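Everything below concerns the one structure shown next.
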Amino acid sequence: MLRGIAIAVLVVGIAGTAFWGYQEHREKTAVLINAENNYQRAFHDLTYQMDLLNDKIGTTLAMNSRGSLSPQLAEVWKITSQAHNDVGQLPLTLLPFNKTEEFLANIGNFSYKAAVRDLDKEPLTEKEYATLKTLYEQSGEIQQDLREVQHMVLENNLRWMDVELALATEKGQTDNTIIDGFKTVEKTVEGYTETDFGPAQINLQKKDENFKKLPGEKISKEQAVKITRKYTPVKNGGKVKVTENGKGSDYGFFSVSIQNTQTKLEANMDITKKGGYPIWFLLDRDVKNQKLSLNDASNKAIAFLKDHNFKSLDLFESAQYDNIGVFTFVATQDNVRIYPDAINMKVALDNGDVIGFSAEDYLKSHKAREIPQAGIEMEEAKKKINPNLKVMDEKKAIILNDLNEEVLCYEFTGTLGNDTFRIYINAEDGTEEKVEKLHNAEPVYEDVV
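Listed below in structure tokens is the structure:
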């Protein structure tokens with residue numbers, strides 16, 4: 001009888017294990033299918049956007065009406081932005097594709113600058129028309145290259161998940177149809193370096209080079225680990241892994257992972273080689289029942305910033321998601337908010353641990369600025385906003401416009417009906433730069449750090 005019971009238990013155990021394994025396999029397969037579907041959608045969207053881009057640029061060349069030309073150029077800018085977004089969703093991080101991204105950014109920048117100016121007073125020059133004609137031809141070549149890749153993908157049922165795997169191995173990078181196709185696109189674009197975009201020409205910097213203006217000496221791997229321990233509860237021991245990114249460059253960064261082998265608590269952090277500044281930090285743990293208020297958590301975040309020598313910051317927004325408080329801080333200078341210098345944080349509401357920290361934007365752009373003089377007064381700027389908006393707060397701020405340029409604005413926060421808006425009016429000429437509808441966030445209007 002005991003033998004029968006043992007056999008029954010064993011059978012049930014094997015069946016349970018098999019079922020668990022099947023469930024795990026099914027869940028993993030579902031994740032892989034979802035990722036593959038997203039990659040396929042982004043790729044085919046990119047191909048479609050390049051078709052559309054070529055058509056729209058061609059249409060602008062045929063137009064004679066300046067009233068129609070401006071919205072058409074704005075449409076070109078919109079399409080390049082969407083194409084750039086599609087590229088960002090593909091698993092190409094290990095594949096050099098920066099020239100193509102830069103080319104798309106330059107087309108968008110060129111078309112936007114032309115679209116927003118008064119073409120009746122300042123029509124397109126012969127040189128700009130020549131640039132448009134060149135862009136039409138070049139976008140047609142890229143369109144053709146991408147169509148060839150698309151044909152091979154559809155004809156041979158190629159998978160993007162294989163691309164992700166191939167990019168991780170040197171052999172795979174030389175033996176993958178999709179990778180070869182994108183290398184062809186990149187090589188085609190490299191031949192466009194002589195294209196004259198005029199003052200709209202921009203250059204995309206690599207991530208590591210954006211940290212070159214940071215003060216301080218180059219740190220070692222050992223120092224990177226010590227810095228990480230200052231941010232994590234794992235102060236001693238643990239399993240440590242350090243990866244050097246941008247090898248040979250002073251402007252690269254270290255990726256550090258520290259895991260407590262007993263509790264399995266793991267902290268991950270990217271640290272700049274120059275100066276040892278935290279780019280981002282993540283503490284991987286479950287957050288239990290809430291014991292702290294959002295205000296308590298904001299005080300924890302403020303203390304954390306002070307302890308790590310981040311100064312002159314405003315608590316700009318706070319929100320709660322489940323048992324986590326999410327906060328955004330922005331730099332201030334001469335009572336002007338500097339929105340490009342932003343730090344984002346997550347605080348666990350069970351014990352006040354900082355479990356997420358991102359200072360990449362802050363590190364890339366923070367500097368002592370020369371705040372420009374405003375061309376118009378606050379009251380004049382207020383006349384530019386909707387008269388039905390009930391203004392609750394007003395201040396000066398530096399924001400990034402659609403061309404990624406810093407511009408001094410008057411910021412007005414107010415309500416219209418049951419909704420709250422933030423409106424930015426250019427402090428130089430009174431143009432409306434940006435309108436934001438606020439969602440699930442509480443603005444706070446005082447210096448805190």
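Position 118 (the sequence shown) corresponds to 118 in full-length UniProt numbering; numbering is contiguous.
Beta carbons: idealized from backbone N, C-alpha and C, even for Gly.
Please read these numbers as outputs of a predicted model, since none were measured by experiment.
query	result
K213 vs K367 beta-carbon contact at 9 Å	yes
Cα-Cα separation between Y410 and I425, rounded to whole angstroms	5 Å
Paired residues, beta bridge with P278 - DSSP	I271
Closest Cα partner of S293 within the set L283, S312 and D322	D322
Rounded straight-line distance, which links the Cα of G58 to that of S139	10 Å
Residue of I399, V163 and N38 minimising C-alpha distance to N178	As written in the sequence, residue 178 is Ile, which differs from the Asn given in the question. Checking every option, the nearest Cα to that of I178 belongs to V163.
L349, buried or exposed, once every other Cβ within 10 Å from all chains shown has been counted against 16	buried
Length at least 3, wholly inside the UniProt domain "PepSY" (376 to 436): the beta strand (DSSP E) runs in chain order	390 to 400, 406 to 416 and 419 to 426
Proximity below 9 Å, CB of L389 to CB of L416	yes
Bridge partner(s) assigned by DSSP for F239	Per the sequence shown, the amino acid found at residue 239 is Lys instead of Phe. DSSP, once it has assigned bridges, lists Q259 as partnering K239.
Rounded C-alpha distance that separates Q320 from N299	14 Å
N- and C-terminal bounds of the alpha helix (DSSP H) containing G352	Careful: G352 lies outside any alpha helix (DSSP H) and carries neither H nor E.
Distance between K346 and Q72 (C-alpha atoms, nearest Å)	42 Å
Closest residue to K226 among K264, F329, N386 and I258 (Cα-Cα distance)	I258
K383 versus Q143: straight-line alpha-carbon distance, rounded	46 Å
First through last residue of the beta strand (DSSP E) which encompasses E317	L313 to Y321
Minimum C-alpha distance to A62 - residue among E377, K133 and R369	K133
Beta-carbon proximity list for H151, same chain, < 7 Å, skipping 5 on both sides	none
Through-space distance from M392 to L313, alpha-carbon basis	21 Å
Nearest-angstrom Cα separation, counted from H84 out to L204	Below a pLDDT of 50, predicted positions are generally treated as unreliable, and L204, at 44, falls in that range; the measurement from the model is reported next regardless. If you take the alpha carbons of L204 and H84, they lie about 12 Å apart.
E370 versus I338, D353, I376 and M378, residue with shortest Cα-Cα distance	I338
Beta-carbon proximity check, L283 vs I355, cutoff 9 Å	yes
Pairwise C-alpha distance: W77 and I107	7 Å
Buried or exposed by the 16-neighbour rule on C-beta atoms within 10 Å, applied to Q49	buried
Cutoff 8 Å; reference H44; Cβ partners in own chain excluding five residues on either side	Q150
F310 beta carbon less than 9 Å from that of S318	no
V256 burial status per 10 Å Cβ neighbour count (16 or more: buried)	buried
Buried or exposed by the 16-neighbour rule on C-beta atoms within 10 Å, applied to K121	exposed
Own chain, CB closer than 7 Å to R159, minus 5 neighbours either side, in chain order	E36
Sequence-distant residues of its chain with Cβ nearer than 7 Å to K437 (five each side left out)	D419 and F421
For Q89 and N38, believed in contact at Cβ under 8 Å, the rounded distance	7 Å
Contained alpha helix (DSSP H) runs [length at least 4] in the stretch 60 to 139, N- to C-terminal order	66 to 88 and 98 to 116
Endpoints, the beta strand (DSSP E) within which T332 is located	I324 to Q333
Beta-bridge partners of V336, as assigned by DSSP	Q333 and K396
Residue interval of the alpha helix (DSSP H) (run including T177)	T177 to E190
Alpha carbon of D361 to alpha carbon of Q373, nearest angstrom	25 Å
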